[in-house]
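Q:
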Amino acid sequence: MKRSLARTNAYDDGTGMWPLPEADLREHGFRFTIADVRPTRDVRPAAVAGLFYPAEPEALRARIAHCLNASGPYGSDGAARPPKMVIVPHAGYEYSGAVAAHAYARLSGRRDPVKRVVLIGPAHRAALRAMALPGVDAFETPLGQVPLDQAATADLDGLAQVRRDDLPHAGEHSLEVQLPFLQEVLDEFTLVPIVAGEARPAEVAQVLVRLWGGDETCIVVSSDLSHYLPHVRAQLVDRATAQQILEFDARLDPQQACGATPINGALLAARDHGLVPRLLDLRDSGQITGDLRRVVGYGAFAFDPP
Ligand SMILES: [Zn+2]
Numbered sequence: 642m643k644r645s646l647a648r649t650n651a652y653d654d655g656t657g658m659w660p661l662p663e664a665d666l667r668e669h670g671f672r673f674t675i676a677d678v679r680p681t682r683d684v685r686p687a688a689v690a691g692l693f694y695p696a697e698p699e700a701l702r703a704r705i706a707h708c709l710n711a712s713g714p715y716g717s718d719g720a721a722r723p724p725k726m727v728i729v730p731h732a733g734y735e736y737s738g739a740v741a742a743h744a745y746a747r748l749s750g751r752r753d754p755v756k757r758v759v760l761i762g763p764a765h766r767a768a769l770r771a772m773a774l775p776g777v778d779a780f781e782t783p784l785g786q787v788p789l790d791q792a793a794t795a796d797l798d799g800l801a802q803v804r805r806d807d808l809p810h811a812g813e814h815s816l817e818v819q820l821p822f823l824q825e826v827l828d829e830f831t832l833v834p835i836v837a838g839e840a841r842p843a844e845v846a847q848v849l850v851r852l853w854g855g856d857e858t859c860i861v862v863s864s865d866l867s868h869y870l871p872h873v874r875a876q877l878v879d880r881a882t883a884q885q886i887l888e889f890d891a892r893l894d895p896q897q898a899c900g901a902t903p904i905n906g907a908l909l910a911a912r913d914h915g916l917v918p919r920l921l922d923l924r925d926s927g928q929i930t931g932d933l934r935r936v937v938g939y940g941a942f943a944f945d946p947p
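In structure tokens, the structure reads:
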């Protein structure tokens, strides 16, 4: 009689669990290989597919292609290297997808070098001190799984401002909505996903600097801009915020951008590395929906290598 092997060296003969040494298990006809006891890959499933973006792969690809096409010919700016860092919005694709596409089109034109994405966004659903890395092996979207860079995440475990916690990642959309875009514009890549709660800009910058790397590493910062202001007021506020970002002024507050914490840290790191910032697109939801009374601001920025 064969039974499936539990992860402990034990089997149930109907009278209780009896621990057996591995050799005895083999003698009793159990197949015993490493594969039998290795846990299956732990995956964070998509949480907002069908809400923020289409859940059906073909519809999702079509939506992304539409957004990218609307942003102009890929790579037409003449830059030879991919942007080292981008800031992109994270609303539903029908609202901010076209704005985010301006940054992703820049990556698409020079996709070859990028093998790793450091993706950082704010925690919307969990009160979080400092920053959380997930414990899983991969993130999944309707377009497939993205493996995590385990060596890089392990390297961050020694930092006091980083902890392992799957909970802040579970329902968080600010990272997830960026993944289908990245899966479409890049070839194979690994991911370092970071949800940021309360943290000082220097603490965020320290994490990003540790992961900095070369052209193989792209940093994606996920943030919307102002929230629920009338359109005219939002335009003024968001323009001022964009100017602050272009000047590496790392004093954004959460009223200006829900991702103020990751942006501020990223600005410090970008300034120290001499990156060259560009504003690619700046709009708000009122210009997309026609409802100008209460809008959310969206900006796309690229930071090119010096
Ligand atoms: Zn947000």
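Quick note, the sequence shown lines up with residues 642 to 947 if you use the working numbering.
Positions of the beta carbon are idealized from the N, C-alpha and C atoms, including for glycine.
Secondary structure at G785, three-state DSSP: helix, strand or coil?
A: In the sequence shown, counting from the first residue as 1, residue 785 sits at position 144. Strand.
Q: Under 7 angstroms, CB to any heavy atom of ligand 2. Which residues pass, going along the chain?
A: Because ligand 2 does not appear in the structure shown, any question about it cannot be addressed here, the ligands present being ligand 1.
Q: Can the beta-carbon of A742 be found less than 8 angstroms from the beta-carbon of L709?
A: Position 101 of the sequence shown, counting from 1, holds the residue named residue 742. Position 68 of the sequence shown, counting from 1, holds the residue named residue 709. Yes, the pair counts as a contact, with Cβ atoms nearer than the cut-off.
Q: Hey, out of L923, D894, E781, V848, whose CA is closest to L877's CA?
A: By 1-based counting over the sequence shown, the position of residue 877 is 236. Among L923, D894, E781, V848, the Cα nearest to that of L877 is on L923.
Q: DSSP three-state call for D925: helix, strand or coil?
A: Here residue 925 corresponds to residue number 284 of the sequence shown, with the count starting at 1. In this structure, D925 counts as strand in the three-state DSSP scheme.
Q: Just reading off the alpha helix (DSSP H) that V967 is part of, what are its end residues?
A: Because the chain is modelled from 642 through 947, residue 967 falls outside the range shown and cannot be assessed.
Q: DSSP three-state label for F673, please.
A: Here residue 673 corresponds to residue number 32 of the sequence shown, with the count starting at 1. At F673 the pLDDT is 45, less than 50, meaning the model places this residue with poor confidence and gives no usable figure here.
Q: First and last residue of the beta strand (DSSP E) that includes D863?
A: Stepping through the sequence shown from its first residue, residue 863 is reached at position 222. Going by the sequence as given, residue 863 is Ser instead of Asp. That run of the beta strand (DSSP E) goes 858-863.
Q: For the beta strand (DSSP E) holding Q740, just list the boundary residues, first then last.
A: As a first step, residue 740 must be located in the sequence shown, where it is residue number 99. According to the sequence provided, residue 740 is Val. The question's Gln does not apply to it. V740 -> not in any beta strand (DSSP E); alpha helix (DSSP H) instead, spanning 739-749.
Q: What does the alpha-carbon distance come out to for the pair Q819 and L774?
A: In the sequence shown, the residue the question calls residue 819 occupies position 178. In the sequence shown, the residue the question calls residue 774 occupies position 133. Near 17 angstroms, if we compare the C-alpha coordinates of L774 and Q819.
Q: Determine the contact status of A910 and L870, defining contact as a CB-CB distance below 8 angstroms.
A: As a first step, residue 910 is located in the sequence shown; it is residue number 269 there, counting from the start. As a first step, residue 870 is located in the sequence shown; it is residue number 229 there, counting from the start. No, Cβ-Cβ distance for A910 and L870 is not below 8 angstroms.
Q: Please name the residue, chosen from G799, F780, L748, V727, that lies closest to R851 on a Cα-to-Cα basis.
A: Your numbering for residue 851 matches position 210 in the sequence shown. Checking every option, the nearest Cα to that of R851 belongs to G799.
Q: Quick one: Cα of Q896 to Cα of F780, how far?
A: For this step, residue 896 is matched to residue 255 along the sequence shown. For this step, residue 780 is matched to residue 139 along the sequence shown. Cα to Cα, the separation comes out at about 30 angstroms.
Q: Which value, in whole angstroms, describes the spacing of the CA atoms of P695 and G733?
A: Locating residue 695 in the sequence shown gives position 54, where the first residue counts as 1. Locating residue 733 in the sequence shown gives position 92, where the first residue counts as 1. Their Cα atoms are separated by approximately 10 angstroms.
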